[in-house]
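The block underneath contains the structure these notes are about, expressed in structure tokens.
There are 2 protein chains.
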Amino acid sequence: MEKILIIEDNDEINKLLREMLETTGYEVKSAFSGPEGFLYFDQENYSLVLLDLMLPGMSGEEVLKKIREKSTVPVIVISAKNEIESKLDLLENGADDYITKPFDVREVRARIELQLKKHGSAAGNGNKIVFEELVLDKENNTLFANDAAIPLTKIEFSIMELLMKHPNKIYSKQELYELAWEDHYIGEDKTVNVHISNMRKKISEHTKGEYIDTVWGIGVRLKKA
Amino acid sequence: MEKILIIEDNDEINKLLREMLETTGYEVKSAFSGPEGFLYFDQENYSLVLLDLMLPGMSGEEVLKKIREKSTVPVIVISAKNEIESKLDLLENGADDYITKPFDVREVRARIELQLKKHGSAAGNGNKIVFEELVLDKENNTLFANDAAIPLTKIEFSIMELLMKHPNKIYSKQELYELAWEDHYIGEDKTVNVHISNMRKKISEHTKGEYIDTVWGIGVRLKKA
DNA sequence: TCATCTTTATATTTTCTTTATAATCTCTTG
DNA sequence: CAAGAGATTATAAAGAAAATATAAAGATGA
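Chains as they are written, first to last, in the numbering used here: chain A, 1 to 225; chain B, 226 to 450.
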């Protein structure tokens, strides 16, 4: 099912959109401030984001910018007529469409469906984890780096899944071993090292920066280049 | 250091409170909607919560109720005079104190300090230690000085952790050696000196004052510049 | 057999310790 | 109170040790 994120601080409008979308058959998450919205966005994969411009905590423009640093998910901006007119450059700054208040819910629905179709419904649904240039696809045991498919073996996938689920968290080799192998650690970090090394080699053929970062004496983590 | 959570959707008021509290020496997290606030609350341990009543997404009353299902953390409600008068029963519903808008920041501070003292400041919290400009993050083995990340090695981290856990306490080199190395002291203070020196160098690139202070003939301690 | 995983062996990198020398402080003494 | 000896600490740089990287050979299992 397609998941849609609504970031809108006005309770009534938020609720209105939410009910319309849920009736239509989407799964909906509501956020009521800029930071809250971005937080949800960062935690899960959404098929589309509805974004108000006037938000407490962080403006819609900022939210859009931060989303665009990470993802190409369709974003539809919603805002008052006068706000949007001065900000038509939003479309250049990463928004895919915009809707002015007051709006007709049917129009909103139509534009959402258009965007979803346009974006090929292929994008971020269910079982994919995204981090910067990397997309881990659970269905195929495959890692995509800038759309280049990198096949991973079972253990490689387990390790990568852990790293990508919690980027920036440092995993000791022991943790990786126990979690990826589901076995007890017996002082064998060498094997882990080999897998890491192999993955680095594969990944770096398709990316600019390095992603698997060694923290000497502690472990490894996923980190932006 | 005490961490305080502000849940207030008005950007200006949020900022005002935040700046006042940070100046006073608290670590502050700002939320701008009800759900966002509760989410933060659920993720970390805070010593105190400042809660507005009129919030998008979830009312202050609801937030308070959900907080009380989980915690006895002191909550100070902030709201407009007329709102609060009709809701004096808040104090019965879990709030520890209330402040009416417009407020004097000094009064807010006084009430916060009162609540913290009352509550014994006991709350065992997460994995960051803060001292002045410095934040030691256990997750990343990293020291932040004014938000600049300073990577520490394993031993450096151990030493810094000790110093930051008990600022102003003087550690002899022997103590540092035995605690950081988990080994017995064999008359070698030179190594400790080198590590201290290296850390000072790294830190001073990002801070104004010196933090690691030598007490001649006794040892070293963490001390504000 | 084939692909994957593990082990082995060696190279590389980073960190830790030692060494050597300079700078700083304390305390004595005139 | 100033000067200087002796002790303590600071720092740079070299050497030793530890941790990790990688290639390639061997083991395992469908």
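Cβ coordinates follow ideal geometry from the N, Cα and C atoms, glycine included.
Cβ shell of A31 of chain A (< 6 Å), same chain only, five flanking positions each side left out: Locating residue 31 of chain A in the first sequence gives position 31, counting from the first residue. Cβ within range, chain order: I7, G37 and Y40.
Beta carbon proximity, F32 of chain A to chain B, threshold 9 Å: Counting from 1 along the first sequence, the entry for residue 32 of chain A is found at position 32. It does: the Cβ of F32 of chain A has a partner Cβ on chain B nearer than 9 Å.
Extent of the continuous beta strand (DSSP E) to which F131 of chain A belongs: Numbered from its first residue, the first sequence carries residue 131 of chain A at position 131. K128 to F131 is the span of the beta strand (DSSP E), which, as asked, contains F131 of chain A.
DSSP-derived helix/strand/coil call for I428 of chain B: Counting from 1 along the second sequence, the entry for residue 428 of chain B is found at position 203. DSSP places I428 of chain B in helix when its eight states are reduced to three.
C-alpha distance - I160 of chain A paired with K394 of chain B, whole-angstrom precision: Here residue 160 of chain A refers to the residue found at position 160 of the first sequence. Here residue 394 of chain B refers to the residue found at position 169 of the second sequence. The sequence shown places Met at residue 160 of chain A, rather than the Ile named in the question. Those two C-alpha atoms are separated by around 43 Å.
Burial state of N270 of chain B (16 or more Cβ within 10 Å): By 1-based counting over the second sequence, the position of residue 270 of chain B is 45. Classification of N270 of chain B: exposed, given that the 10 Å Cβ count is below 16.
Contact with chain B by W216 of chain A, beta-carbon distance below 9 Å: Translated into positions along the first sequence, residue 216 of chain A becomes position 216. Yes, because at least one Cβ of chain B sits closer than 9 Å to the Cβ of W216 of chain A.
Chain B contacts from the region 155 to 167 of chain A (Cβ-Cβ distance under 7 Å): none
Contacts that G282 of chain B makes with chain A (C-beta to C-beta distance below 9 Å): Here the question's residue 282 of chain B lines up with position 57 in the second sequence. Neighbours of G282 of chain B on chain A, chain order: D9, D11, N14, S30, A31, F32, S33 and E36.
Supposed contact pair I218 of chain A and K379 of chain B - C-beta distance, whole angstroms, cut 8 Å: In the second sequence, counting from the first residue as 1, residue 379 of chain B sits at position 154. In the first sequence, counting from the first residue as 1, residue 218 of chain A sits at position 218. The pair is a contact, with the Cβ atoms about 7 Å apart (cut-off 8 Å).
Counted within 10 angstroms of its Cβ, other Cβ atoms place K173 of chain A as buried (16 or more) or exposed: In the first sequence, counting from the first residue as 1, residue 173 of chain A sits at position 173. Counting Cβ neighbours within 10 Å, K173 of chain A comes out buried, since at least 16 surround it.
Secondary structure of L403 of chain B, DSSP reduced to three states: Taking the second sequence and counting its residues from 1, the one referred to as residue 403 of chain B is at position 178. The question names Leu, yet the displayed sequence has Glu at residue 403 of chain B. Helix at E403 of chain B.
Cross-chain neighbours of N270 of chain B in chain A, by beta carbon under 9 Å: If you number the second sequence from 1, residue 270 of chain B lands on position 45. Ordered by position in chain A, no residue passes the 9 Å Cβ test against N270 of chain B, which lies about 18 Å from the chain.
Residues that DSSP places opposite R446 of chain B in a beta bridge: Taking the first residue of the second sequence as 1, we reach residue 446 of chain B at position 221. DSSP output for R446 of chain B lists B:D438 as bridge partner(s).
Member of B:Y396, B:E435, B:R334 and B:S422 whose CA lies at the smallest distance from the CA of L246 of chain B: Indexing the second sequence from 1 puts residue 246 of chain B at position 21. Answer by Cα proximity: B:R334.
Residue span of the alpha helix (DSSP H) that contains F263 of chain B, given as start and end: Against the second sequence, residue 263 of chain B aligns to sequence position 38. F263 of chain B -> alpha helix (DSSP H) spans G259 to Q268.
Nonlocal neighbours in the same chain, by C-beta distance under 7 Å from A373 of chain B, ignoring five residues either side: Within the second sequence, residue 373 of chain B is the residue found at index 148, counting from 1. Result list for A373 of chain B: H431, in chain order.
Chain A contact for N423 of chain B (CB, 9 Å cutoff): Within the second sequence, numbered from 1, the residue matching residue 423 of chain B stands at position 198. With 9 Å as the cut-off, N423 of chain B does not count as an interface residue toward chain A.
Helix, strand or coil at L359 of chain B according to DSSP, with G and I counted as helix: The sequence position of residue 359 of chain B within the second sequence is 134, counting from 1. If DSSP states are grouped into helix, strand and coil, L359 of chain B belongs with the strands.
Neighbour flag for R18 of chain A against chain B, beta carbons, 9 Å: For the purposes of this step, residue 18 of chain A is taken as the residue at position 18 of the first sequence. Closer than 9 Å: no.
Beta carbon proximity, L39 of chain A to chain B, threshold 9 Å: Position 39 of the first sequence, counted from the start, is the residue given in the question as residue 39 of chain A. L39 of chain A counts as touching chain B.
Same chain only: Cβ atoms within 6 Å of T439 of chain B, ignoring 5 sequence neighbours per side: Along the second sequence, one-based indexing puts residue 439 of chain B at 214. These residues qualify, in order along the chain: V445.
Alpha-carbon to alpha-carbon, E210 of chain A and L275 of chain B: Residue numbering aside, residue 275 of chain B sits at position 50 when the second sequence is read from its first letter. Residue numbering aside, residue 210 of chain A sits at position 210 when the first sequence is read from its first letter. Looking at the two C-alpha atoms, the distance is approximately 42 Å.
Below-9 Å beta-carbon distance, K169 of chain A vs any chain B residue: In the first sequence, residue 169 of chain A corresponds to position 169, counting from 1. With 9 Å as the cut-off, K169 of chain A counts as an interface residue toward chain B.
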